[in-house]
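Each number in the numbering used here comes from the position in the sequence shown (counting from 1) with 108 added on. Yeah, the Cβ is synthetic: ideal placement off N, Cα and C, and Gly gets one too. Keep in mind that this is a model prediction, so the values were computed, not measured. Only one structure is covered here, and it is reproduced in the block below.
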Amino acid sequence: MTTNTLHITVEPTAEFFEAALEDVRQLEADEADGSEYVLSLPDEETLERVLRAKNIELIRTTATEEPESVRELARLVDRDIKNVSTALNRLEEIGLVELEDAGRAKRPTVWYDHVEIDIRMTPDGADDTDVAPA
Numbered sequence: 109m110t111t112n113t114l115h116i117t118v119e120p121t122a123e124f125f126e127a128a129l130e131d132v133r134q135l136e137a138d139e140a141d142g143s144e145y146v147l148s149l150p151d152e153e154t155l156e157r158v159l160r161a162k163n164i165e166l167i168r169t170t171a172t173e174e175p176e177s178v179r180e181l182a183r184l185v186d187r188d189i190k191n192v193s194t195a196l197n198r199l200e201e202i203g204l205v206e207l208e209d210a211g212r213a214k215r216p217t218v219w220y221d222h223v224e225i226d227i228r229m230t231p232d233g234a235d236d237t238d239v240a241p242a
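Below is the structure:
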């Protein structure tokens, strides 16, 4: 079974562009396998907003229950459809969910089954061995 992994990183804009250039190089060299996707966020506050418990609940329920519509997902999580719709639209904007046309309804889908989060603990990736002991 293939695992599709979403990597979420918190990184400055310059590092994001360096990583994007490397991704393009891999695509051009046909080295990318398509099983990974990177969502780069500018700071921890954005990470916190994106990964709020209610958003995780929507994503997890979408992945496990495969609802046929936003209305069904709202019923499954026992939330107002307008709130669920607003949250899903925001999650779609950043690539965490897809909303597929299903007749008059939109069907939420999630393509990944695993999430990894990368947060650098030292500024600019500095090695902590450069820090003098206290």
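Problem - Pick from Asp-209, Leu-166, His-222, Leu-204 that is closest to Asn-191, judged by C-alpha positions - result: Against the sequence shown, residue 191 aligns to sequence position 83. Between Asn-191 and the set Asp-209, Leu-166, His-222, Leu-204, the nearest pair of CA atoms involves Leu-166.
Practice task
Determine contact between the segment 151 to 158 and the segment 172 to 192, defined as no fewer than three beta-carbon pairs at a distance below 8 Å.
Solution key: Segments in contact, no.
Problem - Selected residue, minimal CA-CA separation from Glu-206, among Glu-224, Met-229, Glu-176 - result: Here residue 206 refers to the residue found at position 98 of the sequence shown. The shortest C-alpha separation from Glu-206 is found at Glu-176.
Exercise for the section: To the nearest angstrom, report how far apart Asp-209 and Ile-227 are at their CA atoms. Expected result: Sequence index remark: in the sequence shown, residue 209 carries index 101 (1-based). Sequence index remark: in the sequence shown, residue 227 carries index 119 (1-based). If I take the Cα positions, the gap works out to 35 Å.
Exercise for the section: Note the first and the last residue of the continuous beta strand (DSSP E) segment covering Thr-111. Expected result: Mapped onto the sequence shown, residue 111 falls at position 3. Per DSSP, Thr-111 belongs to no beta strand (DSSP E) and is neither H nor E.
Problem - Rounded separation between Arg-183 and Asn-112 - CA only - result: Position 75 of the sequence shown, counted from the first residue, corresponds to residue 183. Position 4 of the sequence shown, counted from the first residue, corresponds to residue 112. Rounded to whole angstroms, Arg-183 to Asn-112 spans 27 Å at the Cα level.
Problem - Contacting residues, own chain, Cβ-Cβ under 8 Å from Ile-179 (five flanking each side not counted) - result: Position 71 of the sequence shown, counting from 1, holds the residue named residue 179. The residue you asked about is not Ile; residue 179 is Arg in the sequence shown. Exclusion of the five residues before and after Arg-179 leaves Ile-189, Ala-213 as the residues of its chain whose Cβ lies within less than 8 Å of its Cβ.
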